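This report concerns only the one structure given below.
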Amino acid sequence: MNVSTHELGLGGLDSLREVDALCLFVAEDDRPLPGIAGYVDWRLCGALSRVLQSGFFVGSRDDSLLLPSDGGFTVPRVFVLGLGRRGGMDAAALGEALASAGQVLARAKVDAVALEIPGQGALDDSARLSAFQERFLPAFKGKKVAVLADKEFARRLPSRKG
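In our numbering, the protein residues as written are 6 to 167.
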């Protein structure tokens with residue numbers, strides 16, 4: 006597998022190449038949308054916010070949504086997965102969310118994905134990194150994974166090929 010890191014922000018979003026899906030995680034109480042979800046929503050002219058306001062997708066655990074990027078950035082498909090309430094985020098909940106994301110993306114035949122690992126501010130970086138490596142990466146053996154992260158967290162993510 007090939008794991009790369011990209012800056013968390015519009016520049017990182019624009020730097021994604023040869024990625025066929027972006028995976029966003031949204032909690033029920035994430036308003037305004039934080040991190041890469043906020044940047045994506047901005048690029049989609051508020052499309053994600055409108056879906057949230059309509060109640061069609063609310064960010065509850067096991068909630069899922071597929072959006073087209075409509076040319077707002079280079080990645081064609083945006084998968085949005087609910088986390089439940091941010092206050093309920095612990096290492097086990099993060100592991101479940103990442104494992105579920107891996108299964109959803111594998112069923113959708115995603116070959117290269119970009120994501121921001123959720124849990125920043127709620128969990129320490131070592132717990133986030135462990136959940137990512139143990140629960141998400143197994144679904145992407147031999148595939149490309151691009152992680153959007155701040156510089157400090159990105160340093161902890163080893164770039165790997167194989």
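The beta-carbon is built from N, C-alpha and C at its ideal position, and this holds for glycine as well.
Please read these numbers as outputs of a predicted model, since none were measured by experiment.
Rounded separation between residue i and residue j - CA only
{"i": "LEU18", "j": "ALA52", "result": "17 Å"}
{"i": "GLY147", "j": "LEU49", "result": "30 Å"}
{"i": "PHE145", "j": "LEU29", "result": "17 Å"}
{"i": "GLY100", "j": "ASP75", "result": "31 Å"}
{"i": "VAL150", "j": "GLY64", "result": "23 Å"}
{"i": "ALA127", "j": "ASP67", "result": "19 Å"}
{"i": "ALA115", "j": "LEU142", "result": "Going by the sequence as given, residue 115 is Val instead of Ala. Approximately 13 Å between the Cα atoms of the pair."}
{"i": "PRO81", "j": "GLY16", "result": "17 Å"}
{"i": "LYS156", "j": "ASN7", "result": "19 Å"}
{"i": "GLY107", "j": "PHE84", "result": "11 Å"}
{"i": "LEU13", "j": "ILE41", "result": "7 Å"}
{"i": "SER20", "j": "GLU139", "result": "26 Å"}
{"i": "ASP129", "j": "PHE78", "result": "30 Å"}
{"i": "ALA61", "j": "ALA113", "result": "It should be pointed out that residue 61 corresponds to Phe in this sequence rather than to Ala. When rounded, the distance between both Cα atoms is 21 Å."}
{"i": "GLN47", "j": "ALA159", "result": "As written in the sequence, residue 47 is Trp, which differs from the Gln given in the question. Looking at the two C-alpha atoms, the distance is approximately 23 Å."}
{"i": "GLY124", "j": "LEU72", "result": "23 Å"}
{"i": "GLY167", "j": "SER59", "result": "For GLY167, the predicted structure reports a pLDDT of 38, less than 50, and the residue's modelled location is therefore unreliable. A value from the coordinates is still provided. Those two C-alpha atoms are separated by around 43 Å."}
{"i": "SER105", "j": "GLU23", "result": "23 Å"}
{"i": "ALA98", "j": "GLY43", "result": "22 Å"}
{"i": "LEU86", "j": "ASP25", "result": "17 Å"}
{"i": "ILE122", "j": "ALA132", "result": "11 Å"}
In DSSP terms, what residue i is bridged to
{"i": "THR10", "result": "VAL152"}
{"i": "PHE84", "result": "CYS28 and LEU71"}
Rounded distance between the beta-carbons of residue j and residue i, thought under 8 Å
{"i": "VAL45", "j": "LEU27", "result": "7 Å"}
{"i": "LEU120", "j": "ALA102", "result": "Actually they do not touch by this definition, with Cβ atoms about 11 Å apart."}
{"i": "ALA96", "j": "ALA136", "result": "6 Å"}
{"i": "LEU110", "j": "LEU134", "result": "With a Cβ gap of about 19 Å, LEU110 and LEU134 do not count as contacting."}
{"i": "THR10", "j": "VAL152", "result": "5 Å"}
{"i": "LEU38", "j": "SER54", "result": "7 Å"}
Neighbour flag for residue i against chain D, beta carbons, 8 Å
{"i": "GLY124", "result": "No chain D is part of this structure, which consists of one protein chain only."}
Next item on the list: Kindly confirm or deny that the stretch 89–98 and the stretch 33–43 touch, where touching means at least three C-beta pairs closer than 8 Å.
Entry: yes
Item checked: Start-end ranges of the beta strand (DSSP E) lying completely within the stretch 86–139, minimum 3 residues -> 117–120
Next item on the list: Mind listing, in chain order, the continuous beta strand (DSSP E) runs of no fewer than 3 residues lying wholly within the stretch 16–67?
Entry: 26–31
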